[in-house]
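Residue numbers (the working numbering): 77 to 153.
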């Protein structure tokens, strides 16, 4: 896994977004809903290219990872 460094400006914009525009729990809920909707859409298609499936699988994984970072809903204690 590679780690990308972000600029201070980007970091400030992200902090501003998360601190002033949306609650982390609400964003996590929305991300999970989008993941669910995308998954249903893919499962309902009869023919999907393998490259699209790989990209979608990766996208769903990272969206869910972000949701878990914002609000660890699935974390076991």
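Where a beta carbon is used, it is the ideal one built from N, C-alpha and C, also for glycine.
ask   = Which of helix, strand or coil does DSSP assign to residue 100?
value = Residue 100 falls in the helix class under three-state DSSP.
query = How should residue 104 be labelled, buried or exposed, when 16 other C-beta atoms within 10 angstroms of its C-beta is the threshold for buried?
reply = Result: buried.
task = Rounded to whole angstroms, what's the CA-CA distance from residue 81 to residue 89? Just pull it up for me.
result = Going by the C-alpha atoms only, they are around 14 Å apart.
ask   = If you run the structure through DSSP and keep just helix, strand and coil, what is residue 115?
value = Under the three-state reduction of DSSP, residue 115 is assigned to helix.
task = Buried or exposed for residue 146, please, with buried defined as at least 16 other CB atoms from any protein chain shown within 10 angstroms of its CB.
result = Here residue 146 is buried, its C-beta having at least 16 other C-beta atoms within 10 Å.
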